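S.K.: This is the structure, below, for whatever I ask next.
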Amino acid sequence: MLMKKLTVQLPRGLQARHTAIFVRKASSFKSEIMLSKNGKTANGKDLMEIMDLVIKEGDEVTLMVNGGDEWEANRILEEFLLNSNSQTPMHRS
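Numbering-wise (UniProt numbering), the sequence shown opens with residue 1 and increments by one.
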């Protein structure tokens, strides 16, 4: 099991669109993925559980990954959470 404390650098934190992207990335791995903030833990593959954590830019979270592809999953998800250049795509009609 890999466990790492991170300071979220995403602009506006894990608001709806960033959370959906995180869940999509997490769901692409077989490993169990958990995200924790202030003692509350959420399944990293469950959008509503993560939204309930109310993760904002600058918040400290713990990313926990356990499984056969944990190293790759941890790398990808950590990179996403620490990417201060991630822009939320604007919807165009």
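Beta carbons are placed, not taken as given, at the ideal position from N, Cα and C, and that holds for glycine. Remember, predicted model here, so these are calculated numbers, not experimental data.
1. Please list, in chain order, all residues of the same chain as Asp46 whose beta carbon is under 8 Å from its beta carbon, the five residues on each side excluded.
2. Is it right to say Leu77 is buried, meaning 16 or more other beta carbons lie within 10 angstroms of its own, or is it exposed?
3. Identify the continuous alpha helix (DSSP H) that holds Ser27 and give its terminal residues.
4. Suppose you measure from the CA of Arg75 to the CA of Arg12; what does that come to, to the nearest Å?
5. Using the three-state DSSP reduction, which class does Leu81 fall into: helix, strand or coil?
6. For Met34, I'd like the list of residues in its chain whose CB is within less than 6 Å of its CB, leaving aside the five on either flank, ordered along the chain.
7. Go ahead and pull the three-state DSSP assignment for Met3.
8. Report the rounded CA-to-CA distance for Asp69 versus Thr7, giving the unit in angstroms.
M.R.: On the basis of the data shown:
1. Correct list, in chain order: Val23.
2. Buried, since its Cβ has 16 or more Cβ neighbours within 10 Å.
3. Counting along the chain, the unbroken alpha helix (DSSP H) around Ser27 starts and ends at 16–27.
4. Counting only the Cα atoms, Arg12 lies some 21 Å from Arg75.
5. In this structure, Leu81 counts as helix in the three-state DSSP scheme.
6. Taking Met34 as the centre and dropping the five residues before and after it, the same chain places the C-beta of Thr41, Gly44, Met64 closer than 6 Å to its C-beta, in chain order.
7. Strand at Met3.
8. Asp69 and Thr7 have their C-alpha atoms roughly 23 Å apart.
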